[in-house]
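Residue numbers (the UniProt record's numbering), protein chains in the order written: chain C, 1 to 305; chain D, 1 to 264.
All C-beta atoms, glycine included, are put in the ideal place defined by N, C-alpha and C.
In this text, all values refer to a predicted model and were calculated from it rather than measured experimentally.
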């Protein structure tokens, strides 16, 4: 399974600097055939830089970038990918069908127009000028453009921004059918539930490095599973010293606790403060994992130093 | 059918593409580029209206008593004025906006064949230039009753279509230097003074001596001179002017291409 021919894209020790700023500081990233990889991270984490390297838009200052074993700036490599960028202003006066025909013309063996349109759910928009579409419809058209060339690898940068829930669900279904066809997908997103719902593997980036990599479940297992919030005047540092409490901190009147054993901590908490109110208990999602990972970052750096 | 699909898939696996499909991609790009601007009145109206209105006003209405040479001279002047703008604005503004809006980045990420984007824009500028020249020719024959041979008209049209290229290169250079909304202002600061200084509004011999001597600096001056030869208003050596225009094109292109490659 892990033979080299299985790898469709790879960053090895990729470094990218913009003047003083190190955008990527030795990133290793491997993408296998037929997998959906979600890349998460706060703004400035290096997600876009990594994608730009893989697309051949920028050159690395160190390390290697491979797309199907080639330099991404070779057109032969890019003929096997599809792209949906976050900020592409497409020509407003062109009709959707015309845009699809144009982008499909770049590829050796594109999908038939109707098939691309059906996959992305834009069949009813083919005759409409792109500029007259809503934001969500425009995103769907951009998705259609990403898959119209029958690519083996699709880059989707924040694909569901500006979509309503229904449209988002449809796009998720389309992504799943792409993956079922054997297409690999690289997805960057701010919606962690999106990564949770779709990704086989998740990479969390922060300050130009890969902080964590693994399945969603493995990632979730790394951090406290439950969060407790309540209004209470118990001292946060006291709670922090209780067994099974990972962390406790005060946020105004509120106390915030992360724990592996919510039931035990709750019992003790309720006993300790009879006036406790506005209790909330929430299982940690990927969002908490993400916060946890990116917050630990300075600590990691200190360890490294 | 099956056999075809299999060979296509095999070709796709290597990422290679047949000559006919590559050619098709160039054509599709050019077609899209033309369509999107022809449909954009904000682009087409100023490009066709300004030269035709000026020609109507200053070339026909105010000069109806002038001799045929003056009429031809004015046709060439406003023709050159009209040819400059699709090159400068078609290339400059769209490139500046598309660099800003991310379209250029998107196209660079796609497997678009090299240069198709710029070739498409150039073709669009050539078509727009042809449209302007045809409009002016129709006005000059229909309204000013200018005696002009078919050969002269064709030469002027050809000159317009090819003469737009140096201005495309200049527009492209500006488009690579300026991003976004600042481009139209800068382009007008080039377009209007250059038109004036190369004698497109006021005949060259009425301009101050110093400006007359400076005129060969402007590419539009050379195109104007070529146009005057084409319509038989004056005789002269055309090789120098052609070379000057070629030289400008190459210089602008080289600088622009270097900037485009480095900054995207």
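### Message
Here's the rule I'm using: 16 or more other beta-carbon atoms within 10 Å means buried, otherwise exposed. How should residue 64 of chain D be labelled?
### Response
Position 64 of the second chain, counted from the first residue, corresponds to residue 64 of chain D. Per the 10 Å Cβ criterion, exposed.
### Message
Spatial neighbours of residue 278 of chain C within its chain, please: C-beta separation below 7 Å, excluding the five flanking residues on both sides.
### Response
Stepping through the first chain from its first residue, residue 278 of chain C is reached at position 278. Counting only Cβ-Cβ distances below 7 Å, and skipping sequence neighbours, we find 230, 231.
### Minimum Cβ-Cβ distance from residue 15 of chain D to chain C less than 8 Å
As a position in the second chain, residue 15 of chain D is number 15, starting the count at 1. Yes - at least one Cβ of chain C is within 8 Å of the one on residue 15 of chain D.
### Message
Please list the terminal residues of the continuous alpha helix (DSSP H) segment that includes residue 176 of chain D.
### Response
Translated into the one-based positions of the second chain, residue 176 of chain D becomes position 176. Where residue 176 of chain D is concerned, the enclosing alpha helix (DSSP H) stretches over 150 to 177.
### Task
Just list the alpha helix (DSSP H) runs in the stretch 111 to 184 of chain C, keeping only unbroken ones of 4 residues or longer that don't cross its boundaries, in chain order.
You should have 113 to 120, 135 to 147, 165 to 180.
### Task
Verify the CB distance criterion: does residue 87 of chain C have a CB-CB separation below 8 Å to chain D?
Locating residue 87 of chain C in the first chain gives position 87, counting from the first residue. Among the residues facing chain D, residue 87 of chain C is included, as its CB has a counterpart in that chain under 8 Å away.
### Task
For chain C, find out if any of its Cβ atoms is closer than 8 Å to the Cβ of residue 225 of chain D; answer yes or no.
Residue 225 of chain D sits at position 225 when you count from the first residue of the second chain. No, no contact with chain C.
### Query
Counting only runs that start and end within the stretch 39 to 78 of chain C, where is the beta strand (DSSP E) found for 3 or more residues in a row?
The stretch 39 to 78 of chain C contains these whole beta strand (DSSP E) runs: 62 to 67.
#### Entry: Straight-line Cα distance separating residue 145 of chain D from residue 223 of chain D
As a working mapping, residue 223 of chain D is identified with position 223 in the second chain. As a working mapping, residue 145 of chain D is identified with position 145 in the second chain. When rounded, the distance between both Cα atoms is 24 Å.
#### Entry: Extent of the continuous beta strand (DSSP E) to which residue 209 of chain D belongs
Position 209 of the second chain, counted from the start, is the residue given in the question as residue 209 of chain D. Per DSSP, residue 209 of chain D is not a residue of any beta strand (DSSP E); the alpha helix (DSSP H) it occupies stretches across 209 to 214.
### Task
Could you check what DSSP says for residue 231 of chain C in three-state terms: helix, strand or coil?
Reading the first chain from its first residue, position 231 is the one you call residue 231 of chain C. Three-state DSSP puts residue 231 of chain C in a strand.
### Best match in C:194, C:186, C:112, C:102 for proximity to residue 165 of chain C [C-alpha to C-alpha]
Position 165 of the first chain, counted from the start, is the residue given in the question as residue 165 of chain C. When C-alpha distances from residue 165 of chain C are compared across C:194, C:186, C:112, C:102, the shortest belongs to C:194.
### Message
Please classify residue 142 of chain D as buried or exposed, where buried requires at least 16 neighbouring CB atoms within 10 angstroms.
### Response
Indexing the second chain from 1 puts residue 142 of chain D at position 142. Label assigned to residue 142 of chain D: exposed.
### Message
Counting only Cβ pairs nearer than 9 Å, list the residues of chain D close to residue 228 of chain C.
### Response
Working through the first chain from its first residue, we reach residue 228 of chain C at position 228. By Cβ distance, chain D contributes nothing, its closest Cβ being about 43 Å from residue 228 of chain C, past 9 Å.
### Message
Looking at residue 178 of chain D: is its Cβ nearer than 8 Å to the Cβ of residue 88 of chain D?
### Response
Walking along the second chain from the start, residue 178 of chain D turns up at place 178. Walking along the second chain from the start, residue 88 of chain D turns up at place 88. Not closer than 8 Å, so no.
### Message
For the alpha helix (DSSP H) containing residue 224 of chain D, name the first residue and the last one.
### Response
Looking up residue 224 of chain D in the second chain gives position 224. Residues 219 to 230.
#### Entry: Bridge partners - residue 251 of chain C, DSSP secondary structure assignment
As a first step, residue 251 of chain C must be located in the first chain, where it is residue number 251. Answer is C:254, bridged to residue 251 of chain C.
### For residue 259 of chain D, the nearest candidate out of D:160, D:46, D:173 (CA to CA)
The residue labelled residue 259 of chain D in the question sits at position 259 within the second chain. Ranking D:160, D:46, D:173 by Cα distance to residue 259 of chain D puts D:173 first.
### Task
Return no unless some Cβ of chain D is closer than 8 Å to the Cβ of residue 75 of chain C.
For this step, residue 75 of chain C is matched to residue 75 along the first chain. Under the 8 Å criterion on CB atoms, residue 75 of chain C is classed as interfacial with respect to chain D.
### Message
For the alpha helix (DSSP H) containing residue 22 of chain C, name the first residue and the last one.
### Response
What you label residue 22 of chain C is simply residue 22 of the first chain in a count that begins at 1. For residue 22 of chain C, no alpha helix (DSSP H) encloses it; the enclosing beta strand (DSSP E) starts and ends at 21 to 32.
### Closer than 7 Å at the beta carbon, the chain D residues around residue 105 of chain C
Here residue 105 of chain C is taken as the residue at index 105 of the first chain, counted from 1. Per Cβ cutoff of 7 Å: 24, 25, 28.
### Query
Taking contact to mean at least 3 C-beta pairs separated by less than 8 Å, is the stretch 114 to 131 of chain C in contact with the stretch 40 to 49 of chain C?
By the Cβ criterion, the stretch 114 to 131 of chain C is not in contact with the stretch 40 to 49 of chain C, since fewer than three pairs of Cβ atoms, one from each stretch, lie closer than 8 Å.
### Query
Is the beta carbon of residue 187 of chain C less than 8 Å from the beta carbon of residue 67 of chain C?
The residue given as residue 187 of chain C occupies position 187 in the first chain. The residue given as residue 67 of chain C occupies position 67 in the first chain. In this structure, residue 67 of chain C does not lie closer than 8 Å to residue 187 of chain C by Cβ.
#### Entry: Proximity to residue 125 of chain D [Cα-Cα], best of D:139, D:187, D:91
For this step, residue 125 of chain D is matched to residue 125 along the second chain. Nearest Cα to residue 125 of chain D within the set D:139, D:187, D:91: D:91.
### Task
Would you mind sorting residue 173 of chain C into buried or exposed? The rule is 16 or more other CB atoms within 10 Å of its CB.
To locate residue 173 of chain C, count along the first chain from 1; it is residue 173. Exposed: under 16 other Cβ atoms inside 10 Å.
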